[in-house]
Amino acid sequence: MKELNFEEIGKNIRAIRLEHHYTQEYIAEKIGVNVSHISNIENNRVKVSLTALVAICNALNITVDYVLKHEYTAADAIDGEILKELSGCSLEKKEKILKIVRIL
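So the sequence shown is numbered by this note's numbering: it starts at 1144 and just counts up by one.
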C-alpha cells in the first residue's frame, strides 16, 4: 500500500488557506488547536490526523477529497468541488456557466 504524501497534503492546505486569505491563527482558532500545529501540518513536521484534516477542510469550506486530490484521480476531486460550488447557484447562473463550459 502506498504511503500518503503528507508533504503534498500540507502544501495543499496552505495553498487553499492562502487563496481564502485565512491566517494560520484563524484556522487554529476555528478547529481548536494552537497555531504551531497548523504550521507543523503545512510544513510536514507532523502528519495531519484524519480528525484534524476534516476540521481544517470544514474551516476552509472545502472537501477532504479536494485536499487529497493528488492521492487519486484529481478529476474526481475537482468535479466534486465544481458541483459543490454550483449547488448554490441559481438556475439562470447555472445555464450561463454551462454555456461557458461548452465553449471551453
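Positions of the beta carbon are idealized from the N, C-alpha and C atoms, including for glycine. Bear in mind the structure is a predicted one, so any value in this text is a computation, not a measurement.
Could you tell me the alpha carbon to alpha carbon distance between residue i and residue j, rounded to whole angstroms?
i	j	result
Glu1168	Ile1156	14 Å
Tyr1165	Ala1158	10 Å
Glu1235	Val1244	14 Å
Lys1154	Arg1160	10 Å
His1180	Lys1227	28 Å
Asp1208	Glu1185	17 Å
Lys1242	Val1189	44 Å
Leu1193	Ser1182	17 Å
Ile1225	Asn1148	24 Å
Ile1240	Asn1204	21 Å
Ile1221	Val1176	28 Å
Are the CB atoms of residue j and residue i within a distance shorter than 8 Å?
i	j	result
Ile1152	Val1178	no
Leu1247	Lys1237	no
Glu1195	Ile1170	Note on residue identity: the sequence assigns Ala, not Glu, to residue 1195. The answer is no: Cβ separation not under 8 Å.
Between which two residues does the alpha helix (DSSP H) containing residue i stretch?
i	result
Leu1104	There is no way to answer for residue 1104, as the model of the chain reaches only from 1144 to 1247.
Which runs of the alpha helix (DSSP H) at least 4 residues long sit entirely within the region 1206-1235? Give them in chain order.
1207-1210 and 1217-1229
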